[in-house]
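Notes for the one structure printed next.
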Amino acid sequence: MALFKDLVRSVAEAEGISEMTVTGIGQYLRDSGYISKHGRGRAAAQMSTTDAANLLIGVNASNFAKDAVEAVKVFRDLYIRPSTIKCDGVGILNEITAGDIQFGKAIEIVIDAHKLDATGNQNWRSLLPASLLRFEIGFGRPSSSAYIRLSESVPPSPSNPFGWLAWETNLIFAHFWNRKQLWSQGEGRKELTVIGDDTLSAVGKLLTN
Numbered sequence: 043m044a045l046f047k048d049l050v051r052s053v054a055e056a057e058g059i060s061e062m063t064v065t066g067i068g069q070y071l072r073d074s075g076y077i078s079k080h081g082r083g084r085a086a087a088q089m090s091t092t093d094a095a096n097l098l099i100g101v102n103a104s105n106f107a108k109d110a111v112e113a114v115k116v117f118r119d120l121y122i123r124p125s126t127i128k129c130d131g132v133g134i135l136n137e138i139t140a141g142d143i144q145f146g147k148a149i150e151i152v153i154d155a156h157k158l159d160a161t162g163n164q165n166w167r168s169l170l171p172a173s174l175l176r177f178e179i180g181f182g183r184p185s186s187s188a189y190i191r192l193s194e195s196v197p198p199s200p201s202n203p204f205g206w207l208a209w210e211t212n213l214i215f216a217h218f219w220n221r222k223q224l225w226s227q228g229e230g231r232k233e234l235t236v237i238g239d240d241t242l243s244a245v246g247k248l249l250t251n
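According to this note's numbering, the sequence shown is numbered sequentially starting from 43.
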């Protein structure tokens with residue numbers, strides 16, 4: 043059973059952020075209904091995939107705790123840009139880039155894919171067993187955009203034509219954007235926060251039943 047405090051600790055440790063900071067963001071989200079909140083002790087709310095997705099968005103898509111609620115609201119509703127889609131996945135991985143999927147649902151699929159199966163392996167690993175694969179999720183500000191990527195890395199080797207440079211090939215890539223935002227609002231200074239398998243694996247393991 044994963045409680046709010048467990049989810050906070052897991053995200054804080056994986057991302058190298060203080061628990062106090064993550065707790066503050068989480069409290070704003072709980073009070074606004076974006077993270078489950080009811081009961082105490084054994085009756086306390088168990089964290090869901092949606093709760094975890096919202097906390098990850100709040101932590102990585104806002105500069106201040108008070109801005110986390112608006113960040114979750116905006117980022118969950120980001121739409122996939124069809125022209126950016128690349129998908130060489132199977133099973134649940136195909137759902138990340140399906141149709142008019144929005145970012146909130148897509149990040150939940152990625153979290154579910156990182157939960158452990160009966161053998162102790164992440165669900166998505168049985169679909170693409172290659173060892174040199176990695177997920178990453180990027181959160182862009184202030185333009186409110188995001189991306190999800192699964193890439194394969196080929197380390198330096200005789201088969202690598204550059205010899206010393208690792209190759210990366212996107213197996214899955216999707217960019218999500220805000221349809222209501224004017225092009226001019228995306229100009230100027232930009233920030234990008236990226237989380238990877240360390241964070242996703244920690245959260246997936248925590249939420250595994």
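Think of the CB as a built atom: it goes at the ideal place given N, C-alpha and C, for glycine as much as any other residue.
Keep in mind the model is a prediction, meaning the values are calculated, not measured.
Assigned with DSSP and collapsed to three states, residue 70 falls in helix. For the options 63, 101, 146, 89, the alpha carbon positioned closest to that of residue 234 is the one of 101. Judged by beta-carbon spacing, residue 56 lies within the 9 Å limit of residue 244, meaning their Cβ atoms are closer than that value.
Bounds of any beta strand (DSSP E) do not take in residue 137, whose DSSP letter is neither H nor E. Around the Cβ of residue 221, a 10 Å sphere holds fewer than 16 other Cβ atoms; the residue is exposed. According to the DSSP assignment, residue 146 belongs to the alpha helix (DSSP H) that extends over 145-155. In the three-state reduction of the DSSP assignment, residue 96 falls in the helix class. By the Cβ rule, the stretch 113-123 does not count as touching the stretch 163-180, because fewer than three pairs are nearer than 8 Å. The alpha-carbon of residue 239 is positioned some 15 Å away from that of residue 213. Taking C-beta atoms as the reference points, residue 192 and residue 176 count as a pair closer than 9 Å. Secondary structure of residue 87 (DSSP, three-state): coil.
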